[in-house]
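In order, the protein sequence lines correspond to chains A and B.
Under my numbering, read the first sequence as residues 1 to 317, first letter to last.
Under my numbering, read the second sequence as residues 1 to 281, first letter to last.
See structure below.
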Amino acid sequence: MIRWDKRIKLLFLLPAVIWVLALTIAPLFFSLYLSFTDVKREVVITGVEEIPILDKDGNPKTRSDGSIRTKKVKQKELQIKYDWVGFKKYKRVVNDQEYQDAAKFTFIYVIISVFVEIVLGLFLAFLFNRRIYGRGFMRSLMILPIFATPFAIGFMFFTILFEVSGPLAWMGIPFLSNHNWAPFSVMLVDIWQWTPFCFLVFLAALQGIPDDLIEAATLDTKSAYKIWTSVILPLLQPIIVLVILLRVAESAKLYDYIASLTKGGPGTATQSVSFLVFNKAFKMNDFGYASAGSFLMLIVVMIFVMLFFTRLRKTYE
Amino acid sequence: MNRNQGSLLTSIYTIIALGITMIFFFPLWWSFSNSLRIPKETFTVTGVGIPFINFTPTLGNWTHQLSFPEAHIALYNSSFIAVVSTALAIIVGLPAAYALARFRFRFPPNKDITIWFISQRVLPPAAAVVPFFVLWNMLGIYDTKFGMIIVQTTFIMPFVVVIVRQTFLDLPIELEEAAMVDGATHIGAFLKVAVPLSVPAIAAASLIMFTFAWNDYFFVSVLMMKNFTLPIYIAGGVDSRGVQFWFIAVRTMIAVILPLILCLLAQRYIVRGLTLGAVKG
Numbered sequence: 001m002i003r004w005d006k007r008i009k010l011l012f013l014l015p016a017v018i019w020v021l022a023l024t025i026a027p028l029f030f031s032l033y034l035s036f037t038d039v040k041r042e043v044v045i046t047g048v049e050e051i052p053i054l055d056k057d058g059n060p061k062t063r064s065d066g067s068i069r070t071k072k073v074k075q076k077e078l079q080i081k082y083d084w085v086g087f088k089k090y091k092r093v094v095n096d097q098e099y100q101d102a103a104k105f106t107f108i109y110v111i112i113s114v115f116v117e118i119v120l121g122l123f124l125a126f127l128f129n130r131r132i133y134g135r136g137f138m139r140s141l142m143i144l145p146i147f148a149t150p151f152a153i154g155f156m157f158f159t160i161l162f163e164v165s166g167p168l169a170w171m172g173i174p175f176l177s178n179h180n181w182a183p184f185s186v187m188l189v190d191i192w193q194w195t196p197f198c199f200l201v202f203l204a205a206l207q208g209i210p211d212d213l214i215e216a217a218t219l220d221t222k223s224a225y226k227i228w229t230s231v232i233l234p235l236l237q238p239i240i241v242l243v244i245l246l247r248v249a250e251s252a253k254l255y256d257y258i259a260s261l262t263k264g265g266p267g268t269a270t271q272s273v274s275f276l277v278f279n280k281a282f283k284m285n286d287f288g289y290a291s292a293g294s295f296l297m298l299i300v301v302m303i304f305v306m307l308f309f310t311r312l313r314k315t316y317e
Numbered sequence: 001m002n003r004n005q006g007s008l009l010t011s012i013y014t015i016i017a018l019g020i021t022m023i024f025f026f027p028l029w030w031s032f033s034n035s036l037r038i039p040k041e042t043f044t045v046t047g048v049g050i051p052f053i054n055f056t057p058t059l060g061n062w063t064h065q066l067s068f069p070e071a072h073i074a075l076y077n078s079s080f081i082a083v084v085s086t087a088l089a090i091i092v093g094l095p096a097a098y099a100l101a102r103f104r105f106r107f108p109p110n111k112d113i114t115i116w117f118i119s120q121r122v123l124p125p126a127a128a129v130v131p132f133f134v135l136w137n138m139l140g141i142y143d144t145k146f147g148m149i150i151v152q153t154t155f156i157m158p159f160v161v162v163i164v165r166q167t168f169l170d171l172p173i174e175l176e177e178a179a180m181v182d183g184a185t186h187i188g189a190f191l192k193v194a195v196p197l198s199v200p201a202i203a204a205a206s207l208i209m210f211t212f213a214w215n216d217y218f219f220v221s222v223l224m225m226k227n228f229t230l231p232i233y234i235a236g237g238v239d240s241r242g243v244q245f246w247f248i249a250v251r252t253m254i255a256v257i258l259p260l261i262l263c264l265l266a267q268r269y270i271v272r273g274l275t276l277g278a279v280k281g
C-alpha cells in the first residue's frame, strides 16, 4: 500500500462512488417513495393561445378583409401528482392474482433454469477437461451464446420454436401456444444462453486444480465417481455457490426473452415480475403498483444475496 | 490404461462434445442460414440449411434490409451509445479501480466498497426504472442519447472496477514507486505506469462493457421512443403482415454479429469479467 495524500486518494475513488450513488441509490429511494403513493398523470390545460394559420409557403393566411386568420391552441402541461396512500399499493400487489402468478412463474423459472445450467455446465466442463480433439475450437463455438443480445435471442428462438413449420416442428410440441409448454420454452432460451457461461467458469476452475492432487487421489481409489464427489466437487464448491448466486440474481431480472419470445403469453403464463411491473408502469400508468411490485422483488433478491454475503466478502479479501 | 483405450476414449468424448457443441451452435447457425434464403425457402429447406448444398444462398434479404434508413439509424445509435458509455465508464471507473487496489480505505473498508459496486449488477433494473422515467422526463433528457448514455454508464461501471482492480493488484507496486522516486506525481505514476501496463485488461473490460451497453433492452424500451436502438429495430420486423422470418433473421444477425466477435476477442477475460472478478480464470 502506498502512503497516499488523502485528498488524492479520494479524488480517485469519489467520482465513481458519487456517480453510482446518485444514479442507483437515489432512484431506489425515489422508487420507495413512489411505492407509497398514488401517482396520477394529468394533462392540465394552462391557457389558450391564438396563433396565425400558415399556408404552405409559411406566410400567414388572410381573410378577405385583410385580417390574419388565427386558430386557438390549448396549452397543455403534464402534471404529476403524488398522493400518499401508505401501504395500500403493497396490499394490492400482494393480493393481486396476476402478481402472485408472475412471482410464482419467476420463482420456478429461476429454480429450474439455474439448476439445469449448473448441472449441464458441470458435465460439459468435465467433458472438455478430458483430452479431446479440437477443444479450443469447440470451446469458442460453445461460448458464443453468452454475449448474444438477449432480446434478439428471443426472436431467434421464436423462429426456431415456430410450431407450424419451424426446424423443431417435427416434435409436435406446442412450444409457445400452450400455457404448460411456454414457460419451458422461455427456460430453454435461458439455459441455451447461460449454460455456456457456467461451463466456462467451471472449466477454468477445473483447470486450476493441480494435477498432482488428482493423481494423489487416484492412488487411493480407482473410481472416478469417488474422486469427483470427494475431491473435485468440494474444491469447486465455492465457485459453484458463486455461480448460483450470480445466475439467480441475473435470471430473476427476466424481461428481454419474454418481451420478444412470448410477450407474457399465452394468457399470462409466462409473465415475469419485471414484465408485469413494466406493463403496470408504462401501459397502465400505475407507478405506485409498479414500484411496490418491484420493491418486493428487490427485497427477495436482497435476502437471497445476504445469505451469501459473508462468503462473497471473503472472495474479495 | 493402454494407449489404444486412451485414444478410443478421446474419440468418444470428442464425439459427445462435438454433438453438444453443435446443438448449442444450431440456433445461431439457423438464423444465419435463414438470412441467406429467399422467403419461400424459409421453411421448405431440407437438412440443417447449409448454403450451396441445401439451398442457393442470396444476399437479397440483407441488401433489402440495409437499404432502409432505420437500419442505419439503429446501428448508429447503438454503437454511439455503447462506445460513449464505455469510454465514460473507463474514465470514471479506472481511477476507482486503482484506488481500491492500491490504497487502504478504513471506513468503509476496500472490500465493502468493491462489493457495493458489484451489487449494482445484482439489483433488478425494474426497481430503478420508474424513477429514471420520471426523472428523465423532468430533466428533459427522456428519449435522448445523452440520457441513455448516463444510464448505461452507471450499470456497466462495475465491470471496469472489478476487472481492472484485480490487474492492478497483480502489478508489482515497485514499478510505480520507482516512477515516483524519479519525480513522477501520484497521478503521473497511475497514468504513465499502471494504466499502460494494464491495457489488455482494460481492453477486455471495454469489450464486455460495450457488449452489455449494446445488448440492453430494458432501459431502452422505457427511456427511448424515436431514438431507437437495435433491439427496438428488430421488433419492427414483426408488422401487420405477420412475422417476416427472413427479415427477422437478418436483423437478429445485425444485432448479434458484433457481440459474437467481441466475445471471441475477450475470451480470456470472460470468466473474470462475468463473475465480477471473483474467479480469476
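Every residue, glycine too, gets a C-beta built ideally from N, C-alpha and C.
Every value quoted in this text rests on a predicted model; they were computed, and no experiment measured them.
- The beta carbon of R251 of chain B sits closer than 9 angstroms to some beta carbon of chain A.
- Within chain B, no C-beta atom comes nearer than 8 angstroms to that of M306 of chain A; the closest sits roughly 11 angstroms away.
- Under the three-state reduction of DSSP output, G93 of chain B falls in the helix class.
- Our two residues, R135 of chain A and V271 of chain B, have alpha carbons roughly 17 angstroms apart in a direct line.
- Judged by DSSP in its simplified three-state form, V94 of chain A adopts helix.
- In terms of beta-carbon proximity, I202 of chain B stays away from the interface with chain A, with every pair separated by 9 angstroms or more.
- In the three-state scheme derived from DSSP, where H, G and I count as helix and E and B as strand, W181 of chain A is classed as coil.
- Looking at the backbone, the Cα of W214 of chain B and that of F162 of chain A are separated by about 27 angstroms.
- Ranked by how close their Cα comes to the Cα of G19 of chain B, the residues A:I258, A:T221 and A:L127 have A:L127 in first place.
- Between the stretch 31-41 of chain B and the stretch 55-69 of chain B, the count of C-beta pairs closer than 8 angstroms reaches three or more; the two stretches touch.
- Each residue's CA atom was taken as its position, placing K76 of chain A and M148 of chain B some 27 angstroms apart.
- By the Cβ-count criterion, M22 of chain B is exposed, with fewer than 16 other Cβ atoms from all chains shown falling within 10 Å of its own Cβ.
- When rounded, the separation of the alpha-carbon atoms in V116 of chain A and E174 of chain B is 47 angstroms.
- Between the stretch 186-195 of chain A and the stretch 257-264 of chain A, the count of C-beta pairs closer than 8 angstroms reaches three or more; the two stretches touch.
- Against chain B, a Cβ distance below 7 angstroms from W192 of chain A picks out F24 and P27.
- Going by beta carbons, V195 of chain B and A184 of chain B fall outside the 9 angstroms limit.
- For F55 of chain B, same chain residues with a beta-carbon under 6 angstroms away, outside a window of 5 residues either side, are R37, E41 and V45 in chain order.
- Pairing S33 of chain B with V93 of chain A, the inter-Cα distance amounts to about 45 angstroms.
- N285 of chain A counts as exposed, since fewer than 16 other beta carbons sit within 10 angstroms of its beta carbon.
- Cα atoms of V84 of chain B and I150 of chain B: separation of roughly 9 angstroms, rounded to the nearest angstrom.
- Annotation for D256 of chain A: P150, F151 and G154 place their beta carbon closer than 7 angstroms to its own, counting only its chain and skipping 5 residues before and after.
- By the rule that beta-carbons nearer than 9 angstroms mark a contact, W19 of chain A touches chain B.
- For W84 of chain A, the uninterrupted beta strand (DSSP E) run begins and ends at T70 to W84, by DSSP.
- Listed along chain A are T159, each with a C-beta nearer than 8 angstroms to that of N34 of chain B.
- Close partners of P15 of chain A in chain B (Cβ separation under 8 angstroms): V92, P95 and A96.
- Residue pairing by DSSP leaves D220 of chain A without any beta bridge partner.
- Remark: C-beta atoms of Y109 of chain A and L254 of chain A approach each other more closely than 9 angstroms.
- In the three-state scheme derived from DSSP, where H, G and I count as helix and E and B as strand, D286 of chain A is classed as coil.
- In this structure I187 of chain B does not touch A266 of chain B by the C-beta definition: roughly 28 angstroms separates them, more than the 8 angstroms allowed.
- According to the DSSP assignment, I45 of chain A belongs to the beta strand (DSSP E) that extends over T37 to P52.
- In the structure shown, P196 of chain B adopts helical secondary structure according to DSSP, grouped into three states.
- Contact between the stretch 212-229 of chain B and the stretch 101-112 of chain B is not established, with fewer than three Cβ pairs separated by less than 8 angstroms.
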